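Read left to right, the sequence shown gives residues -12 to 229 (the working numbering).
Notes follow once the structure below has been shown.
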Amino acid sequence: MAFRFVHYEVNADATKPKHLTGDITMKFFVDTADIDQIKELLAYGMVDGVTTNPSIIAKSGLDILEVTKEICSIVDGPVSAEVVALDHETMLAEGLKLAKIADNIAVKVPLTWAGLQTCKVLSDQGIMVNVTLCFSANQALLAAKAGATFISPFIGRLDDINLDGLELIDDIRTIYDNYGFETQILAASIRNANHMSECAKIGADVCTAPPNVIKAMANHVLTDNGLAGFMADIKKAGIKIL
Ligand code: E4P
């Protein structure tokens, strides 16, 4: 893990990054447009927000505006909805339309110069922006400078090409902490439960993962074996509580 230099100016505690002072909790976003799956995880308190992208919307077969509105009606936290244009003017018009759906919309823009320009304009208007498709620390630095609420580095897609997705999360954490950037690191393209705890160790502000990955976090063979042993003893001894 890289050495982190954090600027402490007057009061060390007051200038510490929030994730190091315990002021905020690590947030779980669910990477899906499946309403039933979101509702299921909401019941366990595992949904602090939702992310979607054009592929997720296409897979749902639903209208982007309608499904996004429905998600916003059941989730209090940020709901990311992605623009589909490539040029700034159209992206901005799309972003403003998406932002009108609900107060908790985070407009998702790609990490291109047009996306960064759109990020700057929307964030200046107080609209949450999630800059997506981030694959380098330099890109994350640009997004923070443009006022992004969230930066989405894609772990799994880097791992897919034999690069280290978690190392990128660590690098961005170091850079943001060095200067007190408030852009939240939203670890994305999470493919397994291990990614979740590794991101938590690094200090990612948010992890967005498909429902099956969040559910897999509870799995452990020793829990299964231990419970089987307890159940056998409960049956043998006839233990009852109710
Ligand atoms: C979320 O914001 C991303 O779009 C998503 O995590 C991408 O995941 P994938 O690389 O598994 O498609």
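For glycine and all other residues, C-beta sits at the position ideal for the given N, C-alpha and C.
This structure is a prediction, so every number in the text was calculated from the model and none was measured.
| message | When you measure from the CB of Asn91 to every non-hydrogen atom of ligand 1, does any distance come out below 8 Å? | response | Sequence index remark: in the sequence shown, residue 91 carries index 104 (1-based). Not under cutoff, so the answer is no.
> Smallest Cα separation from Leu155: which of Leu173, Phe168, Tyr166?
Replying inline: Within the sequence shown, numbered from 1, the residue matching residue 155 stands at position 168. Checking every option, the nearest Cα to that of Leu155 belongs to Leu173.
When burial is assigned at 16 or more other CB atoms within 10 Å of the CB, is Ala1 buried or exposed?
Taking the first residue of the sequence shown as position 1, residue 1 is located at position 14. Unreliable positioning characterises Ala1 in this predicted model, as indicated by a pLDDT of 49, which lies under 50. The coordinate reading is nonetheless provided below. It is exposed - the Cβ of Ala1 has fewer than 16 other Cβ atoms within 10 Å.
Worksheet item: Pick from Leu83, Asp147, Asp151: whose alpha carbon is nearest that of Gln112?
Response: By 1-based counting over the sequence shown, the position of residue 112 is 125. Closest by alpha carbon: Leu83.
- Within its chain, find whatever has a CB closer than 6 Å to the CB of Val(-7); leave out the 5 residues flanking it on each side and keep chain order. Along the sequence shown, read from residue 1 onward, the residue named residue -7 stands at position 6. With a pLDDT of 45 at Val(-7), under the threshold of 50, the predicted position of this residue should be treated as unreliable, though the coordinate-derived value follows. Non-local beta-carbon contacts of Val(-7) in its own chain, meaning distances under 6 Å to residues more than five positions away in sequence, involve Asp164 in chain order.
**Report entry** Classification of Thr119 by the beta-carbon crowding that lies within 10 angstroms, buried from 16 upward
**Finding:** Locating residue 119 in the sequence shown gives position 132, counting from the first residue. With 16 or more Cβ atoms within 10 Å of its Cβ, Thr119 is classed as buried.
- Item | Beta-carbon contacts of Ala175 that lie in its chain and below 6 Å, excluding the five residues immediately before and after | For the purposes of this step, residue 175 is identified with residue 188 of the sequence shown, where counting begins at 1. Ser139, Phe141, Thr195.
By DSSP, does Gly134 sit in helix, in strand, or in coil?
For this step, residue 134 is matched to residue 147 along the sequence shown. Gly134: coil per DSSP, three-state reduction.
**Asked** When burial is assigned at 16 or more other CB atoms within 10 Å of the CB, is Thr210 buried or exposed?
**Response** Here residue 210 is taken as the residue at index 223 of the sequence shown, counted from 1. Of the residues assessed, Thr210 falls on the exposed side of the cut-off, its CB having fewer than 16 other CB atoms within 10 angstroms.
Open item on the list: Quick check on DSSP: helix, strand or coil for Gln171?
Closed with: The count along the sequence shown starts at 1 and reaches residue 171 at position 184. Strand at Gln171.
Alpha carbon to alpha carbon, what distance is there between Ala30 and Glu169? Looking up residue 169 in the sequence shown gives position 182. Looking up residue 30 in the sequence shown gives position 43. Going by C-alpha positions, Glu169 is about 30 Å away from Ala30.
Kindly identify the DSSP beta-bridge partner or partners of Ala93. Here residue 93 refers to the residue found at position 106 of the sequence shown. Under DSSP, Ala93 forms a beta bridge with Ser67, Met115.
Exercise for review: Answer yes or no: do Ala93 and Val66 have a C-beta to C-beta separation smaller than 9 Å?
Suggested key: Counting from 1 along the sequence shown, the entry for residue 93 is found at position 106. Counting from 1 along the sequence shown, the entry for residue 66 is found at position 79. With contacts defined as CB atoms closer than 9 Å, Ala93 and Val66 qualify as a contacting pair.
Next item on the list: Report the residue from Ile43, Gly64, Thr55, Ser42 whose alpha carbon sits nearest the alpha carbon of Phe15.
Entry: Numbered from 1 along the sequence shown, position 28 holds the residue referred to as residue 15. Ranking Ile43, Gly64, Thr55, Ser42 by Cα distance to Phe15 puts Gly64 first.
Would you say the beta carbon of Ser67 comes nearer than 8 Å to a heavy atom of ligand 1? Position 80 of the sequence shown, counting from 1, holds the residue named residue 67. Relative to the non-hydrogen atoms of ligand 1, the Cβ of Ser67 comes within a distance shorter than 8 Å of at least one.
Can the beta-carbon of Leu128 be found less than 9 Å from the beta-carbon of Thr99?
As a working mapping, residue 128 is identified with position 141 in the sequence shown. As a working mapping, residue 99 is identified with position 112 in the sequence shown. With contacts defined as CB atoms closer than 9 Å, Leu128 and Thr99 fail to qualify as a contacting pair.
Taking C-alpha atoms, which residue in Asp21, Val71, Leu229 lies nearest to Gly48? For the purposes of this step, residue 48 is taken as residue 61 along the sequence shown, with counting starting at 1. From the listed residues Asp21, Val71, Leu229, the smallest Cα separation to Gly48 is found for Asp21.
Q) Taking the alpha-carbon positions, what's the Gly213 to Lys188 distance? A) The count along the sequence shown starts at 1 and reaches residue 213 at position 226. The count along the sequence shown starts at 1 and reaches residue 188 at position 201. Between Gly213 and Lys188, the C-alpha separation is close to 27 Å.
* **Limits of the beta strand (DSSP E) - the one that Asp74 falls within** => Within the sequence shown, the letter at position 87 stands for residue 74. First-last for Asp74: undefined, no H or E at that position.
Taking the C-alpha atoms as reference points, what is the distance between Met183 and Val116? Working through the sequence shown from its first residue, we reach residue 183 at position 196. Working through the sequence shown from its first residue, we reach residue 116 at position 129. Rounded to whole angstroms, the separation of the alpha carbons of Val116 and Met183 is 23 Å.
Problem set entry | Spatially closest choice to Ala180 from Gly190, Tyr166, Ile201, by CA coordinates | One-based indexing of the sequence shown puts residue 180 at position 193. Nearest option by C-alpha distance: Ile201.
Q. Helix, strand or coil: how does DSSP classify Ser184 here?
A. Sequence index remark: in the sequence shown, residue 184 carries index 197 (1-based). The answer is helix: DSSP assigns Ser184 an H, G or I state.
Open item on the list: Do Ile114 and Ala86 count as a contact pair if the criterion is CB distance below 9 Å?
Closed with: Taking the sequence shown and counting its residues from 1, the one referred to as residue 86 is at position 99. Taking the sequence shown and counting its residues from 1, the one referred to as residue 114 is at position 127. Yes, these two residues count as a Cβ contact at 9 Å.
C-alpha gap between Leu150 and Ser123, whole angstroms: Taking the sequence shown and counting its residues from 1, one reaches residue 150 at position 163. Taking the sequence shown and counting its residues from 1, one reaches residue 123 at position 136. Straight-line Cα distance between these residues: approximately 11 Å.
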